[in-house]
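**Student:**
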Amino acid sequence: MSTHLQAEIDKLKKKLLFIGAMVEESLQKSVKAV
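If you read the sequence shown in this note's numbering, its first letter stands for residue 251, the second for the next number, and so on.
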């Protein structure tokens with residue numbers, strides 16, 4: 251049970267990191283566009 255939960259948490263962390271990186275990238279692009 252706990253290992254399954256840990257795996258879900260790891261997946262969420264990876265997803266958040268990925269989304270964060272995408273947001274950061276788009277922010278940098280919009281800053282350069284301005």
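Note that beta-carbon positions come from the ideal geometry of N, C-alpha and C, so glycine has one too. In this text, all values refer to a predicted model and were calculated from it rather than measured experimentally.
1) By DSSP, does V273 sit in helix, in strand, or in coil?
2) Quick one: Cα of Q278 to Cα of I269, how far?
3) How many angstroms separate the CA atom of K282 from the CA atom of K263?
4) In angstroms with no decimal places, state the Cα-to-Cα distance between A257 and L267.
**Tutor:** The relevant details are as follows:
1) Start at 1 with the first residue of the sequence shown, and residue 273 comes out as number 23. Reduced to three states, the DSSP call for V273 is helix.
2) Locating residue 278 in the sequence shown gives position 28, where the first residue counts as 1. Locating residue 269 in the sequence shown gives position 19, where the first residue counts as 1. Linking Q278 to I269 through their CA atoms gives a straight-line distance of about 14 Å.
3) Residue numbering aside, residue 282 sits at position 32 when the sequence shown is read from its first letter. Residue numbering aside, residue 263 sits at position 13 when the sequence shown is read from its first letter. Pairing K282 with K263, the inter-Cα distance amounts to about 29 Å.
4) Along the sequence shown, read from residue 1 onward, the residue named residue 257 stands at position 7. Along the sequence shown, read from residue 1 onward, the residue named residue 267 stands at position 17. So the two alpha carbons sit approximately 15 Å from each other.
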